[in-house]
Amino acid sequence: MQVGDIEECQALAEFYANRERTNTLQIGSVKTNVGHTEAVGGLVSLVKILIAIQTEIIPANLHFKTPAIDIPALSNGQLKVSKYPFI
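First residue of the sequence shown? That's 299 in our numbering, and the numbers climb one at a time after it.
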């Protein structure tokens, strides 16, 4: 696990996956697909979002097996790293 992952996931959960949300918030990362992107990170993220909108599938994170148990938002189901059709 990388430095800051816990904080980033908790911030996402607090802002987007609060008590009013009825379904799990699916999250992903571009880095697993293309590596470190440095200055063009935002552009690569935008491309991944456009692919998700076009295909109605969130592209999978490569090499992801199980969520880190020390990230509460992943272990309690507020956030999910996966490849599912979205609505």
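In this text, a Cβ means the ideal position worked out from N, Cα and C, and glycines have one as well. Predicted model only: the values in this text are computed from it and were never measured.
Is the Cβ-Cβ distance between residue i and residue j less than 8 angstroms?
i: N359; j: G333; result: no
i: Q324; j: A371; result: no
i: T335; j: V328; result: yes
i: I349; j: P357; result: yes
i: T322; j: Q376; result: yes
i: I347; j: I304; result: no
Of all the options the options, which has the alpha carbon lying nearest to the alpha carbon of residue i?
i: K363; options: L341, K378, Y314 and I347; result: K378
Assign residue i to buried or exposed, taking buried as 16 or more other Cβ atoms, counted over all protein chains shown, within 10 Å of its Cβ.
i: A337; result: exposed
i: Q352; result: exposed
i: I355; result: exposed
Could you please give the first and the last residue of the uninterrupted beta strand (DSSP E) stretch that includes residue i?
i: Q324; result: L323 to I325
i: K378; result: L377 to V379
For the alpha helix (DSSP H) containing residue i, name the first residue and the last one.
i: K346; result: G339 to T353
i: I356; result: No alpha helix (DSSP H) contains I356, which DSSP labels as neither H nor E.
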